[in-house]
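Contents: one structure, followed by commentary.
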Amino acid sequence: MSLAKSLIAGLIGVAFAGAALAQKTQLIVYTALETDQLKAYQEAFNKVEPTIDIKWVRDSTGVITAKLLAEKANPQADVVMGVAATSLALFERNGMLEPYAPLNLDAIMPAYRDKKSPPAWFGMDVFGAVVCFNTVEAKKKNIPIPTTWKDLTKPEFKGQVVMPNPASSGTGYLDVVSWLQLWGDDGGKGGGWKYMDALHENIGQYTHSGSKPCNMAAAGEYVAGVSFEYRGHTNKAKGAPIELVFPKEGLGWDLEAFAIYKGTKKLEAAKKLADWASSKDAMILYGKNFAITAQPGVAPKLANIPADYESRLIKLDFDKAAAGRERTLAEWSKRYDAKSEPKK
Numbered sequence: 224m225s226l227a228k229s230l231i232a233g234l235i236g237v238a239f240a241g242a243a244l245a246q247k248t249q250l251i252v253y254t255a256l257e258t259d260q261l262k263a264y265q266e267a268f269n270k271v272e273p274t275i276d277i278k279w280v281r282d283s284t285g286v287i288t289a290k291l292l293a294e295k296a297n298p299q300a301d302v303v304m305g306v307a308a309t310s311l312a313l314f315e316r317n318g319m320l321e322p323y324a325p326l327n328l329d330a331i332m333p334a335y336r337d338k339k340s341p342p343a344w345f346g347m348d349v350f351g352a353v354v355c356f357n358t359v360e361a362k363k364k365n366i367p368i369p370t371t372w373k374d375l376t377k378p379e380f381k382g383q384v385v386m387p388n389p390a391s392s393g394t395g396y397l398d399v400v401s402w403l404q405l406w407g408d409d410g411g412k413g414g415g416w417k418y419m420d421a422l423h424e425n426i427g428q429y430t431h432s433g434s435k436p437c438n439m440a441a442a443g444e445y446v447a448g449v450s451f452e453y454r455g456h457t458n459k460a461k462g463a464p465i466e467l468v469f470p471k472e473g474l475g476w477d478l479e480a481f482a483i484y485k486g487t488k489k490l491e492a493a494k495k496l497a498d499w500a501s502s503k504d505a506m507i508l509y510g511k512n513f514a515i516t517a518q519p520g521v522a523p524k525l526a527n528i529p530a531d532y533e534s535r536l537i538k539l540d541f542d543k544a545a546a547g548r549e550r551t552l553a554e555w556s557k558r559y560d561a562k563s564e565p566k567k
């Protein structure tokens with residue numbers, strides 16, 4: 224072989240090798256993770272698995288849940304990551320998830336994963352209810368800081384409370400579920416509904432985002448924003464004039480959770496993402512944002528979250544919350560949707 228032919232053959236070989244290296248698997252990942260978390264998680268995963276690209280499809284929990292249910296006959300997602308476990312339990316009931324035991328499953332607390340073996344989903348971190356209370360605006364209006372959920376129904380809070388719409392927001396749904404479990408459902412007649420009737424009188428607006436009520440309270444648009452502890456912690460850490468209130472009756476909560484979508488053509492890549500998402504390295508990242516991770520003892524103490532936070536969480540039945548979702552949301556919408564912000 225001539226030198227020229229040898230050089231050409233070598234260049235062709237290098238080109239093919241380069242093409243092979245450049246070929247990446249793209250995973251379509253449906254998520255409700257906060258946009259300010261996505262980059263850190265993706266970069267950390269790509270350090271371990273550089274040949275797998277993540278294409279995020281992000282929206283609020285309610286929108287992502289509705290989208291996945293609508294696409295059931297023609298699935299688009301490979302993975303569902305950072306979506307409420309109550310939604311994943313609903314998908315599992317509909318036969319939409321691929322059970323898989325990730326490498327680090329044994330390190331995840333049993334309360335924070337699907338009970339079946341192998342599990343259909345596993346938890347990443349807990350997000351729980353908090354009230355963001357603007358102390359500056361409250362002082363102007365002579366409104367005392369609440370200590371209970373029922374304090375938010377007092378006359379002085381008229382028009383000063385904002386919370387998420389449970390049909391749009393996972394945070395809103397965990398609030399509604401927790402109040403129904405605390406005070407009773409009884410087909411729309413129980414104490415949970417009576418509480419929400421009273422709260423509705425004081426609601427200024429129902430938002431379509433779990434973060435927005437805390438952001439609005441932080442900006443002084445409302446005195447009290449029912450939100451979740453991640454957004455409360457980050458807003459207060461940035462200097463917002465808010466106190467975080469953890470009502471005494473108990474806190475609703477849910478899990479940001481992970482599942483592989485049934486029928487994905489990229490199962491091996493999806494399993495690698497599951498292995499990473501269940502790892503201690505991933506849990507350390509989650510712990511920078513949340514007080515409780517699915518692996519215990521990983522999250523550092525967050526300055527604005529009480530040390531006994533986990534003990535304040537109510538007992539939650541994921542399957543019950545999933546089974547009752549459609550009826551609960553229909554009842555809620557019938558009663559309260561008139562105060563929801565317009566959808567974009």
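Just so we're aligned: the sequence shown equals residues 224 to 567 in this note's numbering. Idealized CB from N, CA, C, for every residue including glycine.
- [ ] For E479, count neighbouring C-beta atoms within 10 Å of its own C-beta (all shown protein chains included) and say buried if the count is 16 or more, exposed if not.
- [x] buried
Open item on the list: By alpha-carbon positions, which one of E360, A296 and T371 ends up nearest to L405?
Closed with: T371
Open item on the list: If we require 4 or more residues per run, which alpha helix (DSSP H) segments fall completely within the segment 301 to 384?
Closed with: 308 to 316 and 358 to 364
Task: Three CB pairs or more closer than 8 Å across the segment 503 to 516 and the segment 365 to 381 - done: no
Open item on the list: Please report the distance separating the alpha-carbon of T274 from that of A343.
Closed with: 25 Å
Task: 4-residue-minimum alpha helix (DSSP H) runs that sit fully inside the segment 524 to 564, ordered along the chain - done: 541 to 546 and 548 to 559
Task: Y429 (DSSP reduced to helix, strand or coil) - done: strand
TODO: Taking 8 Å as the cut-off, decide whether the C-beta atoms of V390 and V306 are in contact.
DONE: A small correction: the amino acid at residue 390 is Ala; Val does not occupy that position in the sequence shown. Not closer than 8 Å, so no.
Open item on the list: Which of the three DSSP states is assigned to F268 in this structure?
Closed with: helix
TODO: Count the C-beta pairs between the segment 446 to 453 and the segment 281 to 290 that are closer than 8 Å, then say yes if the count reaches three, no if not.
DONE: no
Task: Q299 burial status per 10 Å Cβ neighbour count (16 or more: buried) - done: exposed
Task: Per-residue DSSP class, three states only, for G455 - done: helix
- [ ] Quick one: residues in its chain with C-beta nearer than 6 Å to the C-beta of K278, no 5 flanking neighbours on either side, listed in chain order?
- [x] Q249 and I251
- [ ] Would you identify the three-state DSSP class for S450, choosing helix, strand or coil?
- [x] strand
Task: Buried versus exposed call for R336 [16 or more other C-beta atoms within 10 Å across all chains shown] - done: buried
TODO: Drop a sphere of 10 angstroms on the beta-carbon of W340, count the other beta-carbons inside from all chains shown, and report buried for 16 or more, exposed for fewer.
DONE: First, the amino acid is wrong: residue 340 is Ser here, not Trp. When all chains shown are included, S340 counts as exposed.
TODO: Please state if the CB of N512 and the CB of Y453 are separated by a distance shorter than 8 Å.
DONE: yes
Task: Straight-line gap, G415 to P378 (C-alpha atoms, nearest Å) - done: 19 Å
- [ ] May I ask you to report which of helix, strand or coil DSSP gives V399?
- [x] helix
Task: 6 Å Cβ shell around V280 - same chain, five flanking residues per side excluded - done: Y253
Task: Own chain residues within Cβ distance below 6 Å of L403, not counting five before or after - done: G415
Open item on the list: Let's test the definition: count the other Cβ atoms within 10 Å of the Cβ of N365 and tell me whether it reaches 16, buried, or not, exposed.
Closed with: exposed
Open item on the list: What residue range does the beta strand (DSSP E) around D408 cover?
Closed with: Here D408 belongs to no beta strand (DSSP E), and DSSP marks it neither H nor E.
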